[in-house]
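Counting in the working numbering, the sequence shown runs from 45 upward without gaps.
Some notes on the structure that comes next.
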Amino acid sequence: MKRLLFAVLIIAAIVFGTWLIVIPSSLIIHQIENSLHKSNLQGEITGFKKGLFFSFTSQNFILKKSDNTLLSLDNVVVKINPLSLFLMRLPLTFHGDISGGKITGEVNLLKEKTHMNVGIDNANVNGIPLFGVMGLSGKGTLSGEFRLKDGTGDLKLSIKDAQFESTSFSGVIIPVNLFQSAQGAMTIDGDLVRISSLSLQGDDIYARVKGNIKKNVMDLTLELMQNSSSTDKASLLFLLENYKVSPGYYVIPIKGNMPF
């Protein structure tokens, strides 16, 4: 019994010693940055601190692409399965704050291709830089899930209480200010993003987006449908007259490069 206890203590000492001494903070940061680089992303980590029990924290983590800030996370706490260190794997589970909401997830940093599952709950849209990069300005509450494995995955999102400003893509004005909520689902296959469903709902007006984004080039169509008895949005929809198919029904092409 004493030998077993001694063996357990020795193993525990080796594991903790590996974490505290053999694996420096710089190596962890390097692995995080290298994993993001595989997906053409960059990460900036501030306030990094390694904990005793296979965990570390970061006061702030910024995710970028092409020098554009996409996400900014605060008070990030990350945990590691100690047994995975001996299997040359580094699966991380994490949670933190994002724009007044919460973010949780898991990611494996030592695989050749990135594996990740991420969930966002009740984050404020106006504090998420990604929306600004895409040309969207306004308010709303975002929740969603993102999964990626070996280059394929899916994204689901919803936005409620939206108050966006009208915007334009490739010179085409899109009246997103008419909608108060949105729900969407997309699939990812390498450099191809398929929009399975993306719907926007407003008062007496509805829209849906369909199409693909391949190698960051959009080939999308927005269908906009207005209640024929509603006339209070006539001045806003006048700018879409060239895209009118029939009374209250518009088909708007959205093409061109993504802004990042």
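Glycine is no exception: its CB is placed at the ideal position from the N, C-alpha and C atoms.
One or two residues paired with residue i in a DSSP bridge
i	result
N190	Per the sequence shown, the amino acid found at residue 190 is Phe instead of Asn. Answer is V162 and L199, bridged to F190.
S241	A229
D141	D118 and K146
Y294	L268 and K288
F98	Its beta-bridge partners do not exist; DSSP assigns none.
N168	T185
D263	N256 and K299
N104	T90 and D118
N112	K109
L5	In this structure the chain extends from 45 to 304, so residue 5 is not present and cannot be described.
N152	P135 and H159
Per-residue burial, residue i [other beta carbons within 10 Å of its own, 16 or more giving buried]
i	result
P303	exposed
S143	buried
G91	exposed
L281	buried
L71	exposed
P68	exposed
Y293	exposed
P291	exposed
F97	exposed
G237	The question names Gly, yet the displayed sequence has Val at residue 237. It counts as buried.
S79	buried
V22	Nothing about residue 22 can be read from this structure; the chain reaches only from 45 to 304.
G140	buried
V289	exposed
Proximity below 9 Å, CB of residue i to CB of residue j
i	j	result
V120	Q103	yes
M230	D198	yes
I124	L136	yes
L242	K254	yes
G298	L284	Just to set this straight, residue 298 is Ile in the shown sequence, not Gly. No.
S240	S225	no
F138	G149	yes
F100	E88	no
F208	F190	no
S181	I164	no
V177	N221	no
L127	K109	no
A167	K183	no
F213	M269	no
G246	T211	no
I257	L192	no
L172	L115	Residue identity differs from the one stated: residue 172 is Ile in this sequence, not Leu. Their beta carbons are under 9 Å apart, which means I172 touches L115 by this criterion.
K204	T185	yes
T196	G234	yes
Where the alpha helix (DSSP H) containing residue i begins and where it ends
i	result
F175	P173 to V177
Q75	S69 to K82
Span of the beta strand (DSSP E), counted from its first residue to its last, around residue i
i	result
N256	I249 to K258
M210	In the sequence under discussion, the amino acid at residue 210 is Ser, which differs from the Met named in the question. Here S210 belongs to no beta strand (DSSP E), and DSSP marks it neither H nor E.
V216	V216 to I218
Closer than 8 Å: residue i CB and nearest the ligand HEM heavy atom
i	result
H81	Ligands in the displayed structure: none, and consequently the ligand HEM is not present.
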